[in-house]
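Please read the structure below before turning to the comments.
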Amino acid sequence: MLDRTDISPAPTPTSHFFTSLRTRLHYLDWGNPSAPTLILVHGGFDHARSWDWTARALSRDYHVITPDLRGHGDSGWSPDGSYMMGNFIYDLAQLVDLLDRPPVTIVGHSLGGAISLRYAGLFPDKLRKLVAIEGLGLSPGRLQEKAEQPAPDVWRAWIDGRRARARTMPRRYPTIEAAIGRMRERNEHLTVEQALHLTSHGVNRNEDGSYSWKFDPYLKGLAPQAGADDELPAFWQRITCPTLLCLGSDSWASNPEKDGRIQHFADARLVEFADAGHWLHHDQFDRFIGELRSFLKGEAGDSRTVVRL
Numbered sequence: 001m002l003d004r005t006d007i008s009p010a011p012t013p014t015s016h017f018f019t020s021l022r023t024r025l026h027y028l029d030w031g032n033p034s035a036p037t038l039i040l041v042h043g044g045f046d047h048a049r050s051w052d053w054t055a056r057a058l059s060r061d062y063h064v065i066t067p068d069l070r071g072h073g074d075s076g077w078s079p080d081g082s083y084m085m086g087n088f089i090y091d092l093a094q095l096v097d098l099l100d101r102p103p104v105t106i107v108g109h110s111l112g113g114a115i116s117l118r119y120a121g122l123f124p125d126k127l128r129k130l131v132a133i134e135g136l137g138l139s140p141g142r143l144q145e146k147a148e149q150p151a152p153d154v155w156r157a158w159i160d161g162r163r164a165r166a167r168t169m170p171r172r173y174p175t176i177e178a179a180i181g182r183m184r185e186r187n188e189h190l191t192v193e194q195a196l197h198l199t200s201h202g203v204n205r206n207e208d209g210s211y212s213w214k215f216d217p218y219l220k221g222l223a224p225q226a227g228a229d230d231e232l233p234a235f236w237q238r239i240t241c242p243t244l245l246c247l248g249s250d251s252w253a254s255n256p257e258k259d260g261r262i263q264h265f266a267d268a269r270l271v272e273f274a275d276a277g278h279w280l281h282h283d284q285f286d287r288f289i290g291e292l293r294s295f296l297k298g299e300a301g302d303s304r305t306v307v308r309l
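For the record, in the sequence shown the residue sitting at position 140 is 140 according to UniProt numbering, with numbers rising by one throughout.
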């Protein structure tokens with residue numbers, strides 16, 4: 001007998017919008033609303049369609065939602081060009097409440113992971129499970145270096161950088177191929193197919209026919225008070241749901257087992273992916289999705305165990 005699952009069409013998302021802090025924000029809904037809610041939060045300078053492969057793999061078992069962060073993708077830009085961490089967290093809280101299906105599971109990458117980890121510490125009762133792909137922020141060593149910088153110097157550098165950025169036109173690419181080339185420069189692990197998909201959904205075409213990235217250029221160089229990474233352990237300690245921390249072995253990110261940050265979590269497990277960089281969910285998709293499925297189904301190992309794939 002023919003297995004109908006083999007011929008069913010690939011799921012496609014529908015676009016939706018909501019308002020948060022007077023900004024119109026966009027998200028994709030992959031259907032299956034009666035299933036448990038799974039929210040995938042992308043990283044900085046990225047967009048919701050970065051999760052397409054993951055969303056398709058999980059949409060039969062979960063109600064997958066993929067938002068565009070403010071200033072990214074098809075979401076609105078902040079009118080004043082300011083992007084505070086508190087605003088990102090407020091947006092996520094607003095989306096979770098609008099969906100009205102707690103508790104939810106959240107998977108966040110990089111900036112999306114940082115937002116999700118803070119949210120989980122603020123609203124632990126609304127989380128079923130949490131996955132953070134390199135979202136822990138600066139390593140303890142980098143934090144120490146940052147703390148040694150006089151605050152006025154940090155503020156002055158930010159103001160000077162913002163003024164310089166205001167005098168600079170956003171970069172334009174004459175062809176989509178040129179933009180794809182830039183995408184592959186940022187992540188050499190990407191296949192041509194992946195880079196084409198990520199680029200085609202991540203650019204707008206200008207009036208002169210050139211292409212520019214959708215994200216707001218003012219996202220570069222967040223205001224000094226937006227980080228507050230030294231306060232993060234207080235958020236992590238309040239997270240009550242099982243947490244999966246993912247790390248690419250070729251990434252710049254610090255290993256939370258080696259630097260001690262995993263000890264701040266009550267129930268966390270670390271998986272390190274070989275031959276993967278900062279975008280490990282692209283670089284080693286099959287291994288990532290296998291580990292993610294096991295975690296979501298409750299088949300992962302004990303907390304604070306470290307697995308290297």
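Yeah, the Cβ is synthetic: ideal placement off N, Cα and C, and Gly gets one too.
Everything numeric in this text was worked out from a predicted model, so none of it was measured.
Legend entry - Beta-carbon proximity check, residue 317 vs residue 130, cutoff 8 angstroms: Lying outside 1 to 309, the shown extent of the chain, residue 317 is not represented and no answer is given.
Legend entry - Inter-residue Cα distance where the pair is residue 297 and residue 58: Sequence index remark: in the sequence shown, residue 297 carries index 297 (1-based). Sequence index remark: in the sequence shown, residue 58 carries index 58 (1-based). Whole-angstrom Cα-Cα distance: 12 angstroms.
Legend entry - Close-in-space but distant-in-sequence residues of the same chain around residue 61 (CB under 7 angstroms, 5 per side omitted): On the sequence shown, residue 61 is found 61 positions in, with the first residue counted as 1. Result list for residue 61: 35, in chain order.
Inset, instruction - Leaving out five residues on either side along the sequence, give the residues of the same chain with a beta carbon under 8 angstroms from the beta carbon of residue 280. - result: Here the question's residue 280 lines up with position 280 in the sequence shown. Result list for residue 280: 133, 134, 246, 247, 248, 251, 273 and 288, in chain order.
Legend entry - Rounded C-alpha distance that separates residue 125 from residue 24: To locate residue 125, count along the sequence shown from 1; it is residue 125. To locate residue 24, count along the sequence shown from 1; it is residue 24. The straight-line gap from Cα to Cα measures roughly 27 angstroms.
Legend entry - CB-CB length for residue 63 against residue 105, believed under 8 angstroms: For this step, residue 63 is matched to residue 63 along the sequence shown. For this step, residue 105 is matched to residue 105 along the sequence shown. Rounded, the Cβ-Cβ distance is 10 angstroms, inconsistent with contact.
Inset, instruction - Give the straight-line distance between the Cα atoms of residue 205 and residue 157, rounded to the nearest whole angstrom. - result: In the sequence shown, the residue the question calls residue 205 occupies position 205. In the sequence shown, the residue the question calls residue 157 occupies position 157. Looking at the two C-alpha atoms, the distance is approximately 32 angstroms.
Legend entry - Segment limits, alpha helix (DSSP H) that includes residue 152: Numbered from its first residue, the sequence shown carries residue 152 at position 152. 151 to 166 is the span of the alpha helix (DSSP H), which, as asked, contains residue 152.
Inset, instruction - Give a yes or no on whether the minimum CB-CB distance between residue 83 and chain B is below 8 angstroms. - result: Absent from the structure: chain B. Only one protein chain is present.
Legend entry - Bridge-paired residues (DSSP) for residue 248: Taking the sequence shown and counting its residues from 1, the one referred to as residue 248 is at position 248. Residue 248 pairs with 273.
Legend entry - Cβ-based burial, residue 75 [other Cβ within 10 Å; buried from 16]: Locating residue 75 in the sequence shown gives position 75, counting from the first residue. Buried is the call here.
Legend entry - residue 262 versus residue 294 - alpha carbon distance: Residue mapping note: residue 262 aligns to position 262 of the sequence shown, counting from 1. Residue mapping note: residue 294 aligns to position 294 of the sequence shown, counting from 1. So the two alpha carbons sit approximately 20 angstroms from each other.
Inset, instruction - Using the DSSP secondary-structure output, state which residues sit across from residue 67 in a beta bridge. - result: If you number the sequence shown from 1, residue 67 lands on position 67. Residue 67 pairs with 27.
Legend entry - residue 194, buried or exposed, once every other Cβ within 10 Å from all chains shown has been counted against 16: Position 194 of the sequence shown, counting from 1, holds the residue named residue 194. Flag for residue 194 reads buried.
Legend entry - Limits of the alpha helix (DSSP H) - the one that residue 200 falls within: Stepping through the sequence shown from its first residue, residue 200 is reached at position 200. Unbroken alpha helix (DSSP H) run through residue 200: 192 to 200.
Legend entry - Simplified DSSP assignment, three categories, for residue 136: Here residue 136 is taken as the residue at index 136 of the sequence shown, counted from 1. DSSP places residue 136 in coil when its eight states are reduced to three.
Inset, instruction - Measure the Cβ-Cβ separation of residue 235 and residue 117 and say whether it is below 8 angstroms. - result: To locate residue 235, count along the sequence shown from 1; it is residue 235. To locate residue 117, count along the sequence shown from 1; it is residue 117. Yes, they are a contact pair.
Inset, instruction - Take residue 214 as the anchor and find which of 82, 109, 48 and 28 has the nearest alpha-carbon. - result: In the sequence shown, the residue the question calls residue 214 occupies position 214. Of 82, 109, 48 and 28, the residue nearest in Cα terms is 48.
Legend entry - Residue range of the unbroken beta strand (DSSP E) whose run includes residue 204: On the sequence shown, position 204 is the one that residue 204 refers to. Looking at the DSSP string, the run of the beta strand (DSSP E) that includes residue 204 is 203 to 205.
Legend entry - Cβ-based burial, residue 155 [other Cβ within 10 Å; buried from 16]: Position 155 of the sequence shown, counting from 1, holds the residue named residue 155. Exposed, because fewer than 16 other Cβ atoms sit within 10 Å of the Cβ of residue 155.
Inset, instruction - Would you kindly check if the distance between the Cβ of residue 14 and the Cβ of residue 29 is under 8 angstroms? - result: Within the sequence shown, the letter at position 29 stands for residue 29. Within the sequence shown, the letter at position 14 stands for residue 14. Contact: yes.
Inset, instruction - Can you have a look at residue 70 and say buried or exposed, based on whether 16 or more other CB atoms are within 10 angstroms of its CB? - result: Along the sequence shown, read from residue 1 onward, the residue named residue 70 stands at position 70. Residue 70 comes out buried.
Legend entry - Candidates 85, 219 and 160, of which the one nearest residue 232 by Cα: The residue given as residue 232 occupies position 232 in the sequence shown. Residue 232 has its Cα closest to that of 85, out of 85, 219 and 160.
Legend entry - Euclidean distance between Cα positions of residue 190 and residue 286: In the sequence shown, residue 190 corresponds to position 190, counting from 1. In the sequence shown, residue 286 corresponds to position 286, counting from 1. Between residue 190 and residue 286, the C-alpha separation is close to 14 angstroms.
Inset, instruction - Measuring alpha carbon to alpha carbon, tell me which of 151, 168, 219 and 169 ends up nearest residue 73. - result: Counting from one through the sequence shown, the residue named residue 73 turns up at place 73. Minimum Cα distance to residue 73 is reached at 219.
Inset, instruction - Please go through the same chain and pick out, in chain order, the residues whose beta-carbon is closer than 6 angstroms to the beta-carbon of residue 20, but skip the five residues on each side of it. - result: Here residue 20 refers to the residue found at position 20 when the sequence shown is read from its first residue. So the qualifying residues of the chain are 91 and 94.
Inset, instruction - Report the option in 123, 87 and 115 whose CA atom is closest to the CA atom of residue 102. - result: Taking the first residue of the sequence shown as position 1, residue 102 is located at position 102. If we check each option's Cα against that of residue 102, 123 comes out closest.
Inset, instruction - Hey, could you find the ends of the alpha helix (DSSP H) residue 357 is sitting in? - result: Since the first residue shown for the chain is 1 and the last is 309, residue 357 is missing from the structure and cannot be characterised.
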